[in-house]
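Notes to accompany the following structure.
Number of protein chains: 2
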Amino acid sequence: MNYTEVGTEPESKIDIILTAAQKRLGLFGYEKTTMQEIADDIAMSKAALYYYFPDKESLFKAVLENEQNEYFRLIDQRLEGLKDAEKMITNLVDQRQILFQRFLNLGKFRVADNHKMKPLLKELYKNLREKEISILTKIFQQGKDDGIFGFDTAGETAILFSDMLQGIRIVSMKRLHLTEMSTEETHNMKVAIQSTTKIFINGLKYNALHNIKK
Amino acid sequence: MNYTEVGTEPESKIDIILTAAQKRLGLFGYEKTTMQEIADDIAMSKAALYYYFPDKESLFKAVLENEQNEYFRLIDQRLEGLKDAEKMITNLVDQRQILFQRFLNLGKFRVADNHKMKPLLKELYKNLREKEISILTKIFQQGKDDGIFGFDTAGETAILFSDMLQGIRIVSMKRLHLTEMSTEETHNMKVAIQSTTKIFINGLKYNALHNIKK
DNA sequence: ATCTGACCATTTTGTTTAAAAAGTCAAAAG
DNA sequence: CTTTTGACTTTTTAAACAAAATGGTCAGAT
Numbered sequence: 291m292n293y294t295e296v297g298t299e300p301e302s303k304i305d306i307i308l309t310a311a312q313k314r315l316g317l318f319g320y321e322k323t324t325m326q327e328i329a330d331d332i333a334m335s336k337a338a339l340y341y342y343f344p345d346k347e348s349l350f351k352a353v354l355e356n357e358q359n360e361y362f363r364l365i366d367q368r369l370e371g372l373k374d375a376e377k378m379i380t381n382l383v384d385q386r387q388i389l390f391q392r393f394l395n396l397g398k399f400r401v402a403d404n405h406k407m408k409p410l411l412k413e414l415y416k417n418l419r420e421k422e423i424s425i426l427t428k429i430f431q432q433g434k435d436d437g438i439f440g441f442d443t444a445g446e447t448a449i450l451f452s453d454m455l456q457g458i459r460i461v462s463m464k465r466l467h468l469t470e471m472s473t474e475e476t477h478n479m480k481v482a483i484q485s486t487t488k489i490f491i492n493g494l495k496y497n498a499l500h501n502i503k504k
Numbered sequence: 291m292n293y294t295e296v297g298t299e300p301e302s303k304i305d306i307i308l309t310a311a312q313k314r315l316g317l318f319g320y321e322k323t324t325m326q327e328i329a330d331d332i333a334m335s336k337a338a339l340y341y342y343f344p345d346k347e348s349l350f351k352a353v354l355e356n357e358q359n360e361y362f363r364l365i366d367q368r369l370e371g372l373k374d375a376e377k378m379i380t381n382l383v384d385q386r387q388i389l390f391q392r393f394l395n396l397g398k399f400r401v402a403d404n405h406k407m408k409p410l411l412k413e414l415y416k417n418l419r420e421k422e423i424s425i426l427t428k429i430f431q432q433g434k435d436d437g438i439f440g441f442d443t444a445g446e447t448a449i450l451f452s453d454m455l456q457g458i459r460i461v462s463m464k465r466l467h468l469t470e471m472s473t474e475e476t477h478n479m480k481v482a483i484q485s486t487t488k489i490f491i492n493g494l495k496y497n498a499l500h501n502i503k504k
């Protein structure tokens, strides 16, 4: 099209590429998506893609970074205005669950064929974890300042909690077929995570009541 | 040797085979251990192994079942005489950690190359989990009866706790090289598990204090 | 009843070759 | 000057095949 669309922001070329790459990644995963296919999808030459991104990895890294930013944007939005540390935690946990669903659909966790993707994902995941722990640390610290949570250090507690959530997710996943995940199974996982979160929070409350530091 | 050793139980052939298989499994894992090698280790022909075990899988399954039985024997021993539910839980967690170390050395969790072992391990692991949950359920129920724990059902709580422990273990593992595990890293994992256990237990105590069912 | 060497069947591993995909670049288009 | 392209090179994957290794069997020896 040689005219600017009306009533909608003209997407930048980079965004067009990212969107196409995101679709392919979600449908087929990293290895089953070729640069040529992405180029064809948006009526571009493959060489043009390399004008915007130095290599395939950078392109898909950008796609995943987009996803990640969107997640933290939503988290901020959800936590905005909340004063109660417990509510903030449960909200974050819920949102995390939604992100997880998206990443599932996005093929991020298609463990089967992500041999090549691993180094890419590792770095990205590390970043995700760090940011999440940073948010959790603030919330836990606030809960301590308000006198409802008790623990030694907020940072360590945040790490424990984050790892625990991640662990339950993995264990739940392992118990079913990696290819599919029914709504019921998703629900069971959600309940498990919520129940454990509840107990964990109550554990911190117990500590506060009994002046337990560690 | 054609004489019976003095002062020591003459090991049965089956035990000799199992011991050799266990050593190899610990050093090299399932796939990197051949029946021929085991046979050579104990100066036997490969065919003789097949006289005692119908196939490779059965042999290694027997090895792992041995390990598992040993674990539960130690658990029973440790819990014997304990009345306090909290102490029982922490004891079980400690013992579990030791089992995990052994299984690590034994190559059980060498995720890298256990493609073939999976069906075998899956069944065995399911059994381990069920027994463990059964023990945990009893302990939790006792804690509830004693009025120190609060929850809806002991069984569900046991499952949550078991999955949580397993999850933390996996997450800790993932963060380091699969091939090696230093004593420091082992220690960190142990601390993480103990801390989380503490918080979980306190969460149940909190529930008891506040008459929370769910 | 226990064990063996020789044997078979299946899997795994290497090797070669062809196709596909990643990545480059000089030059064209606007 | 920025963006885009077709033609090109290099690297990676896939297929096909042969060779080696391994699991498993069996008649017969001890």
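If you read the protein sequences in the order shown, they are chains X and F.
Heads up: the first sequence begins at 291 in my numbering, then just goes up one per residue.
Heads up: the second sequence begins at 291 in my numbering, then just goes up one per residue.
No residue lacks a Cβ here, since even glycine has one placed at the ideal position from N, Cα and C.
Here the structure is a predicted model, which means the values were calculated and not measured.
Per DSSP, F:N501 lies in no alpha helix (DSSP H) and is assigned neither H nor E. The shortest C-alpha to C-alpha distance from X:Y340 to any of X:K373, X:G319, X:K322, X:K303 is the one to X:K303.
Under the three-state reduction of DSSP output, F:R368 falls in the helix class. In the three-state reduction of the DSSP assignment, X:S472 falls in the coil class, being assigned neither a helical nor a strand state.
Counting the other CB atoms within 10 Å of its CB gives X:A337 a total below 16, which places it among the exposed residues. Two segments are said to touch when three or more pairs of C-beta atoms, one from each, lie closer than 8 Å; by this definition the region 442-462 of chain X touches the region 475-483 of chain X. Close CB contacts of X:A444 within its chain, under the 7 Å cut and outside five residues either way in sequence, are with T427, F430, Q431, K434 (chain order). By the C-beta criterion, the region 372-380 of chain X is judged not to be in contact with the region 308-315 of chain X, since fewer than 3 inter-stretch pairs fall below 8 Å.
F:P409 carries a helical assignment under DSSP once its states are collapsed to helix, strand and coil.
In this structure, F:L450 keeps its C-beta atom at 8 Å or more from the C-beta atom of F:E347. In the displayed model, F:L466 falls within coil according to three-state DSSP, outside both helix and strand. Its chain contains L410 as the residues whose beta carbon lies nearer than 6 Å to that of X:K351, once the 5 sequence neighbours on both sides are disregarded; these appear in chain order. Note on geometry: alpha-carbon atoms of F:N381 and X:L418 lie some 34 Å from one another.
Using a CB distance cut-off of 8 Å, X:V461 counts as an interface residue toward chain F.
In terms of beta-carbon proximity, X:G457 lines the interface with chain F, with at least one pair separated by less than 8 Å. Within the region 344-391 of chain X, the runs of alpha helix (DSSP H) at least 4 residues long that lie entirely inside it are, in chain order, 346-369.
A straight-line Cα-Cα distance of about 32 Å links F:I306 and F:I425.
Nearest C-alpha to F:T473 among F:I438, F:A311, F:I388, F:F490: F:I388.
Residue nearest to X:Q358 within the set X:Q484, X:E321, X:N497, X:Q385 is X:Q385 (criterion: CA-CA distance). Apart from sequence neighbours up to five positions away, the residues of its chain that approach F:S335 with a beta-carbon distance below 8 Å are A329, ordered along the chain. Residues of chain F with a Cβ closer than 7 Å to the Cβ of X:S485 are, in chain order, L450. In this structure, the beta-carbon distance from X:F490 to F:F490 falls below 8 Å. Rounded to the nearest angstrom, the gap between the Cα atoms of F:I332 and F:K416 is 32 Å.
Check the Cα spacing between X:I423 and each of X:A448, X:L414, X:E413, X:K408: the tightest is with X:A448. Distance from the Cα of X:Q484 is smallest, within the candidate group X:M454, X:F343, X:V383, for X:V383. At least one CB atom of chain X sits nearer than 8 Å to the CB of F:K495.
In the structure shown, X:A311 adopts helical secondary structure according to DSSP, grouped into three states.
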